[in-house]
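Presented below is the structure to which this report refers.
Residue numbers (the working numbering): 81 to 195.
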């Protein structure tokens, strides 16, 4: 694995871990189209939004630091009743951290563990 890919993998894992918390209790929230959900975790900025298209809801999760080379982007298009999961593995015996996005009718729901 190249050094750049490894750095991006570590950064993305840290962002998702910070964004979803460490507990296993889930909390959900409904997102509005073309409205960014923004968060900052130490030096890492996270931006999540979706845009309706003919093919479905295009979901975009972007994370990075002040260094433009550290930016990581995940994109997925969801049809009604589909979901996508960004999962970060943890240590042996620990559950993975998951950022789950579900399209329910004309709404997009973000489900994540909370502390």
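Even for Gly, the Cβ is constructed at its ideal location relative to N, Cα and C. The model shown is predicted, which means the values in this text are computed figures rather than measured ones.
In the DSSP assignment, residue 108 is bridged to 191.
Closest option to residue 113, judged by alpha-carbon separation, among 137, 158, 126: 137. According to the DSSP assignment, residue 157 belongs to the beta strand (DSSP E) that extends over 152-158.
Rounded to the nearest whole angstrom, the C-alpha separation of residue 189 and residue 147 is 30 angstroms. According to DSSP, residue pairing for residue 173 in a beta bridge does not occur. DSSP, reduced to helix, strand and coil, places residue 113 outside both helices and strands of the structure shown, so it counts as coil.
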